[in-house]
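Visitor: Below you will find the structure I want to go over with you.
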Amino acid sequence: MHPQRSTPLPTLSRRSFLVGAGALGAGLTLAGCAAPGGAAGVTEISFYVSKPEVIGYFDTLIAQFHKTQSTVRVIRDSTSNMSADFVRNRPPDLGCWNYNFSMVQFVERGALSDLSDMSEADRINPDIKPLLAATADYPGRTSVIPYSLTAASVLYNRDLFDQHGLAVPTTWDELVRVCEIFLAAGISPFFNTYKDTWTVAQGLFDYTVGGMLDVSAFFSNLKTEGTAVDASSAVSFQKNFEEPMTRVGELAKYANHNAASRGYGDGNLAFAQGKAAMYLQGPWALNEFAKTNPTMKVGTFPLPVTNDPGDLKVRVNVDLALWIPEVSTKKDAARQFLSFLMQPEIQNKYNADNNAFGTTKDAPPTTNPALIGMQQYYDDAAFYLGASQLIPSGIPVANYAQSIALGSSPIPVLKQIDGDWARLALRS
Amino acid sequence: MTSQISLAPPSTGGERMPVNADSVAARARTRGERFNWPVTIALLVGTLAVLIPLYVTLTMAFKTTAQAVDGNAFSLPAPFSVDGFVQAWTLTDFPRSFAISIGVSVISVVGTIILSAFAAFAISRNWNRRFFRWSFYYLLAAIFLPFPVLALSQVKLTGLLHLDNPIGVAILHIMFQLGFSVLLFTAFLRSIPEELEESARLDGASTAQVFWQLIFPLLAPMSATVGIFAFLVSWNDFVMPSLITSNPALQTLPVLQQIFQTQFSNNYNVSFASYLMAMAPAIIVYLFTQRWVMSGVTQGAIK
Amino acid sequence: MAVVPPSQVNRRVHKPQRVGATYYAFLLPVLVLFSLAITLPAIMGIFYSFTNSVGFGDYSFIGVINYIALFSDPTILGAYGFTIGFALVTVAVVNVAAFLLAIGLTARIRGKVALRALYVLPMVVSGIVIAYVFNFLFSNSLPELASALGIAPLEQSLLANPDLAWIAIVIVTAWQAIPSTILIYIAGILAIPSDVYEAAALDGASGARQLWSITVPLTAGYILINVIIGFKNFLNSYDIIVGLTNGGPGTSTTSIAMSIFNGFTNGDYSYQMANATIFFFIAIAIALLQLRVTRGKASV
Numbered sequence: 014m015h016p017q018r019s020t021p022l023p024t025l026s027r028r029s030f031l032v033g034a035g036a037l038g039a040g041l042t043l044a045g046c047a048a049p050g051g052a053a054g055v056t057e058i059s060f061y062v063s064k065p066e067v068i069g070y071f072d073t074l075i076a077q078f079h080k081t082q083s084t085v086r087v088i089r090d091s092t093s094n095m096s097a098d099f100v101r102n103r104p105p106d107l108g109c110w111n112y113n114f115s116m117v118q119f120v121e122r123g124a125l126s127d128l129s130d131m132s133e134a135d136r137i138n139p140d141i142k143p144l145l146a147a148t149a150d151y152p153g154r155t156s157v158i159p160y161s162l163t164a165a166s167v168l169y170n171r172d173l174f175d176q177h178g179l180a181v182p183t184t185w186d187e188l189v190r191v192c193e194i195f196l197a198a199g200i201s202p203f204f205n206t207y208k209d210t211w212t213v214a215q216g217l218f219d220y221t222v223g224g225m226l227d228v229s230a231f232f233s234n235l236k237t238e239g240t241a242v243d244a245s246s247a248v249s250f251q252k253n254f255e256e257p258m259t260r261v262g263e264l265a266k267y268a269n270h271n272a273a274s275r276g277y278g279d280g281n282l283a284f285a286q287g288k289a290a291m292y293l294q295g296p297w298a299l300n301e302f303a304k305t306n307p308t309m310k311v312g313t314f315p316l317p318v319t320n321d322p323g324d325l326k327v328r329v330n331v332d333l334a335l336w337i338p339e340v341s342t343k344k345d346a347a348r349q350f351l352s353f354l355m356q357p358e359i360q361n362k363y364n365a366d367n368n369a370f371g372t373t374k375d376a377p378p379t380t381n382p383a384l385i386g387m388q389q390y391y392d393d394a395a396f397y398l399g400a401s402q403l404i405p406s407g408i409p410v411a412n413y414a415q416s417i418a419l420g421s422s423p424i425p426v427l428k429q430i431d432g433d434w435a436r437l438a439l440r441s
Numbered sequence: 078m079t080s081q082i083s084l085a086p087p088s089t090g091g092e093r094m095p096v097n098a099d100s101v102a103a104r105a106r107t108r109g110e111r112f113n114w115p116v117t118i119a120l121l122v123g124t125l126a127v128l129i130p131l132y133v134t135l136t137m138a139f140k141t142t143a144q145a146v147d148g149n150a151f152s153l154p155a156p157f158s159v160d161g162f163v164q165a166w167t168l169t170d171f172p173r174s175f176a177i178s179i180g181v182s183v184i185s186v187v188g189t190i191i192l193s194a195f196a197a198f199a200i201s202r203n204w205n206r207r208f209f210r211w212s213f214y215y216l217l218a219a220i221f222l223p224f225p226v227l228a229l230s231q232v233k234l235t236g237l238l239h240l241d242n243p244i245g246v247a248i249l250h251i252m253f254q255l256g257f258s259v260l261l262f263t264a265f266l267r268s269i270p271e272e273l274e275e276s277a278r279l280d281g282a283s284t285a286q287v288f289w290q291l292i293f294p295l296l297a298p299m300s301a302t303v304g305i306f307a308f309l310v311s312w313n314d315f316v317m318p319s320l321i322t323s324n325p326a327l328q329t330l331p332v333l334q335q336i337f338q339t340q341f342s343n344n345y346n347v348s349f350a351s352y353l354m355a356m357a358p359a360i361i362v363y364l365f366t367q368r369w370v371m372s373g374v375t376q377g378a379i380k
Numbered sequence: 307m308a309v310v311p312p313s314q315v316n317r318r319v320h321k322p323q324r325v326g327a328t329y330y331a332f333l334l335p336v337l338v339l340f341s342l343a344i345t346l347p348a349i350m351g352i353f354y355s356f357t358n359s360v361g362f363g364d365y366s367f368i369g370v371i372n373y374i375a376l377f378s379d380p381t382i383l384g385a386y387g388f389t390i391g392f393a394l395v396t397v398a399v400v401n402v403a404a405f406l407l408a409i410g411l412t413a414r415i416r417g418k419v420a421l422r423a424l425y426v427l428p429m430v431v432s433g434i435v436i437a438y439v440f441n442f443l444f445s446n447s448l449p450e451l452a453s454a455l456g457i458a459p460l461e462q463s464l465l466a467n468p469d470l471a472w473i474a475i476v477i478v479t480a481w482q483a484i485p486s487t488i489l490i491y492i493a494g495i496l497a498i499p500s501d502v503y504e505a506a507a508l509d510g511a512s513g514a515r516q517l518w519s520i521t522v523p524l525t526a527g528y529i530l531i532n533v534i535i536g537f538k539n540f541l542n543s544y545d546i547i548v549g550l551t552n553g554g555p556g557t558s559t560t561s562i563a564m565s566i567f568n569g570f571t572n573g574d575y576s577y578q579m580a581n582a583t584i585f586f587f588i589a590i591a592i593a594l595l596q597l598r599v600t601r602g603k604a605s606v
């Protein structure tokens, strides 16, 4: 006795289904187990670069490399998860990645090989080395070779400034004056995008902190305090960051009224459409402006938060750094490709084409009119790492910065960060 | 604590055609009775909540990059452009990643249905035995395990066993779906009376034969439901493949689509085009199995 | 009047011993595979919560320090409060809406197949797309609409309001969760033979009375499944929250899953393992509570 169905089911032979799945499975297994490495004498290395805007660029470089020699073949990887790769003990042979807190766990546990014996290591600008050490360090080892440095400060609309006869401000008072003039003219001085927390962290938060404090010194002192970070310690967030955060509140007055509901995309659009005079973003936004306004005239200047022009500095980060893991079995081949990438004509062209600064002693000055405003600060080593990049991601500093920008009183928030930091020190 | 969750209505005996809301409605239509218009209209209005977001998705995919960032989500594409699709196709190596995604999802669906049907059958027919009852709770408890607890350890283990590839991903997908699928199957099995099995056994059938020839076909409607859920979870998943598969050439589509999700660059027309292309199989699978689900579930009322 | 289906009658006495072996053969391989793939990694993960490991390399055993730190971390405690409250509200909203919609979709309506397909369609849309679209709708469309209609409270984006942003998250989560819930409810409703309704109608029961006394009890098992699984899914909310608010404004909408993932691949691994372990036990405890509360009501 079989139940009647109200509609006939399509006949699908169980066996054919399983056979099909089995064939797929076999095919996938074979593909997965395919032995790597090609013909004899050819070494294949995996090269990890995940920055989407430059994937195509590096593919061209890889093709170039293949033309110049035939013993090393480079396979580009843009999707692997670095933590998983290191856990599996199969990291890429050459990594080309942003150097920030994501790298700390690999550097500090000695997972990256020492590159100090390479000639390229000697060509690195010595002013950049403290930046590397502040982020992550393994004593006695050159864990990475920095490849590209991005400098970020205030982007400004040169046409709007010219129309109102304004020069670039170099002190806090001058900045306020510039803002008042734009406000009176009905133009929003700044366009802020509080909805995207990372923009607040890298913009308002980092620029005000970097313009007033010695960021590296602050964090190295903080580390020595360990778990005793609070109101009474020598350095603390609530003590040292109070002034910069007050500036954040003051600057918020000169921002667009709908900043709370605007995001990165809205900001790029508005700035490119000339709806604001200044925009706290980095050079990565330049390509976004070009989508809306390809002929826009943009300039840069560091955000003044004190009345001493000597405090002016730009925020930098090592956008790309090259490294070779300790467990790689193809270090020589990886080093070959590393040397290829570090050739001046190649590295300098990369940085020129991608709105970045070089990392070597002989790096040529930028010719990009948008970035020229920062060249002098780069040359004088008047730069700092963004404070938000030196706080471990377990502490949601971007969210905290957002609440201050939205109007929360700074001290309670800073106390929270102190508490988080102390807890972090406790369990490390 | 009882888990005798009965999903079957009280038995009314007899061999009858399923008579439920759908067949009553069908009979009413053939008799020319009125439709329930107020409910129909209310439901139509409700579909706006579904159609508006889908409209935005569709129009965005056909815009040019310049128009995609102009902040007007509701505007129609002008000019109409398939540039997003072209870029998405190349950047995600669409044919290959699509094929791998399909492979993983198919294995995951088939494996989930078969393994959980096995387990559910054994459990529901031996509910009185402690071992089977506790196995049920064991499998169920794992539903509540947060993935991060397991993730890196699974990465290590799959690396050791040479399963750091799509096969390993498919196996893990099956394991994660087991608890939920066993739950659904056991609930459904309660409505299949054991007398059917008894009479088959009296005719000399072994348990294995009873399962494959009698029970499994009857499970079809719930297999379809389990299958849809397993397919969608596996198809859209990107966290696990990004962690488990070590060879970038063997990545699934969702992982490669992450390339567009950069913080610094808005390429909505490309990413939406990519998501539309990825949605197509999911829609097809749903429509295909919808008939199984809707029609066959009524088997629960059959005696 | 409760009628017990024959399948529930205890048949232990009549079960011949020899069928036991095949049942074990059906179950054991599944259990073994499952334990290797899930239980073993879980135990390893829980072990790491007592260390300061970053997932690879050297680590040292630090005992319960991670757990102590957890209980004094206001962000984590806030995340638990927000997530549990959010899950409770969302599970109620989703199940009430899905149940009513399922009843509507099994009524005598026109265009049933098309309507059912439309309502289940959101299931196939990826979370990132949903987050983008709704982010735009809440940040731009809704405020514009509100200014045009003069509804003052909604003129500011919901997402920018630390006290109300959670409402937006509930709406979007519900949008994504209702379709699959409807699917299961429709299955349950179609399993009810209509002569039960006809008999009740003959007895003079109104539509509402039929709903409450027939439909609800007879789909109680499915309601329970949806509530338990739904609650667990909402406790794990991640994609939608990141896409809409990234845990903001401030940390007002930070979920547990967010804090776990944040530290997970950035060196705060073992701390978040402790967080995840506690989360696991809390989730199970709530599920057991739900089962206990509905015990007896879900059986017919």
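Chains as they are written, first to last, in our numbering: chain D, 14 to 441; chain R, 78 to 380; chain F, 307 to 606. Glycine included, each C-beta is placed from N, C-alpha and C at the ideal position. Since the structure is predicted, the reported quantities are computational estimates derived from the model, not experimental observations.
Measuring straight from C-alpha to C-alpha, what distance separates residue 392 (chain D) and residue 386 (chain D)?
Guide: Answer to the nearest angstrom: the Cα atoms are 11 Å apart.
Visitor: Name the chain F residues whose beta carbon is nearer than 8 Å to that of residue 263 (chain R)?
Guide: Result: empty, since nearest Cβ-Cβ is about 11 Å, beyond 8 Å.
Visitor: Our contact map puts residue 560 (chain F) next to residue 381 (chain F) with C-beta atoms below 8 Å; I'd like the distance itself, whole angstroms only.
Guide: The pair is a contact, with the Cβ atoms about 7 Å apart (cut-off 8 Å).
Visitor: Is residue 159 (chain D) helix, strand or coil by DSSP?
Guide: DSSP places residue 159 (chain D) in strand when its eight states are reduced to three.
Visitor: How is the alpha helix (DSSP H) around residue 98 (chain D) delimited, first residue to last?
Guide: Note, residue 98 (chain D): alpha helix (DSSP H), 95-100.
Visitor: Could you check where the alpha helix (DSSP H) with residue 435 (chain D) kicks off and where it finishes?
Guide: Counting along the chain, the alpha helix (DSSP H) containing residue 435 (chain D) begins and ends at 423-439.
Visitor: At 7 Å on the CB atoms, spell out the chain F contacts of residue 99 (chain D), in chain order.
Guide: By Cβ distance, chain F contributes 362.
Visitor: Just checking: is the beta-carbon of residue 522 (chain F) within a distance shorter than 8 Å of some beta-carbon in chain R?
Guide: Residue 522 (chain F) does not count as touching chain R.
Visitor: Using the Cβ count rule (16 or more neighbours within 10 Å means buried), how would you classify residue 458 (chain F)?
Guide: So residue 458 (chain F) counts as exposed.
Visitor: Using a Cβ cut-off of 8 Å (strictly closer), state whether residue 412 (chain D) contacts chain F.
Guide: Residue 412 (chain D) counts as touching chain F.
Visitor: For chain D, find out if any of its Cβ atoms is closer than 8 Å to the Cβ of residue 574 (chain F); answer yes or no.
Guide: Judged by the 8 Å Cβ criterion, residue 574 (chain F) is in contact with chain D.
Visitor: What's the gap between the Cα of residue 501 (chain F) and the Cα of residue 520 (chain F)?
Guide: C-alpha separation (whole angstroms): 11 Å.
Visitor: Going straight from the alpha carbon of residue 286 (chain D) to that of residue 279 (chain D), what length do you get?
Guide: Cα to Cα, residue 286 (chain D) sits roughly 11 Å from residue 279 (chain D).
Visitor: Could you tell me whether the Cβ of residue 286 (chain D) comes closer than 8 Å to any Cβ of chain F?
Guide: Not one chain F Cβ lies under 8 Å of residue 286 (chain D).
Visitor: Is the separation between the beta-carbon of residue 367 (chain D) and that of residue 272 (chain D) shorter than 8 Å?
Guide: No, the pair does not count as a contact, with Cβ atoms beyond the cut-off.
Visitor: Reducing DSSP to helix, strand and coil, say where residue 335 (chain D) ends up.
Guide: Note: residue 335 (chain D) maps to strand in three-state DSSP.
Visitor: Taking 8 Å as the CB-CB cut-off, is residue 433 (chain D) touching chain F?
Guide: Yes, contact with chain F.
Visitor: So, at 6 Å on beta carbons, what are the nonlocal neighbours of residue 257 (chain D) in its own chain, with the 5 sequence-adjacent residues on each side left out?
Guide: Correct list, in chain order: 221, 222 and 225.
Visitor: Out of R:293, R:181 and R:193, which has the shortest C-alpha to C-alpha gap to residue 318 (chain R)?
Guide: Here the closest residue by C-alpha is R:181.
Visitor: Thinking C-beta only, is residue 336 (chain D) closer than 8 Å to residue 178 (chain D)?
Guide: No, the pair does not count as a contact, with Cβ atoms beyond the cut-off.
Visitor: Along the chain, where does the beta strand (DSSP E) containing residue 58 (chain D) start, and where does it finish?
Guide: Taken as a continuous stretch (DSSP letters only), the beta strand (DSSP E) holding residue 58 (chain D) covers 56-61.
Visitor: Between which two residues does the alpha helix (DSSP H) holding residue 396 (chain F) run?
Guide: Its alpha helix (DSSP H) spans residues 380-411.
Visitor: Where do the N-terminal and C-terminal ends of the alpha helix (DSSP H) with residue 562 (chain F) fall, by residue?
Guide: Counting along the chain, the alpha helix (DSSP H) containing residue 562 (chain F) begins and ends at 562-570.
Visitor: Could you check where the alpha helix (DSSP H) with residue 169 (chain D) kicks off and where it finishes?
Guide: Per DSSP, residue 169 (chain D) belongs to no alpha helix (DSSP H); it is in the beta strand (DSSP E), 167-170.
Visitor: Using the beta-carbon of each residue, which ones in chain D are nearer than 7 Å to residue 493 (chain F)?
Guide: Neighbours of residue 493 (chain F) on chain D: none; closest Cβ ~14 Å, over 7 Å.
Visitor: For residue 615 (chain F), is the classification buried or exposed, using 16 other Cβ atoms within 10 angstroms of its Cβ as the cut-off for buried?
Guide: Not covered by the structure: residue 615 (chain F). The range shown for chain F is 307 to 606.
Visitor: Quick one: using the 10 Å Cβ neighbour count with 16 as the cut-off for buried, is residue 380 (chain D) buried or exposed?
Guide: Its Cβ having fewer than 16 others within 10 Å, residue 380 (chain D) is exposed.
Visitor: Since residue 191 (chain R) is in the alpha helix (DSSP H), which residue starts that stretch and which ends it?
Guide: Unbroken alpha helix (DSSP H) run through residue 191 (chain R): 171-202.
Visitor: So that I know if they touch, is there some Cβ in chain A lying closer than 8 Å to that of residue 358 (chain D)?
Guide: The question asks about chain A, but that chain is absent: this structure's protein chains are D, R and F.
Visitor: Quick check on residue 409 (chain D) - is its C-beta less than 8 Å from some C-beta in chain F?
Guide: It does; some Cβ of chain F falls within 8 Å.
Visitor: Would residue 389 (chain D) be called buried (16 or more neighbouring beta carbons within 10 Å of its own) or exposed?
Guide: Its Cβ having fewer than 16 others within 10 Å, residue 389 (chain D) is exposed.
Visitor: Three-state secondary structure (DSSP) at residue 108 (chain D)?
Guide: Residue state, collapsed to three classes: strand.
Visitor: If contacts are defined as beta-carbon pairs under 8 Å, then residue 460 (chain F) and residue 449 (chain F) qualify, I think. What distance do you get, rounded to the angstrom?
Guide: Yes, residue 460 (chain F) and residue 449 (chain F) are in contact; Cβ-Cβ is about 7 Å, under 8 Å.
Visitor: Helix, strand or coil: which one does DSSP assign to residue 363 (chain R)?
Guide: Helix, per DSSP.
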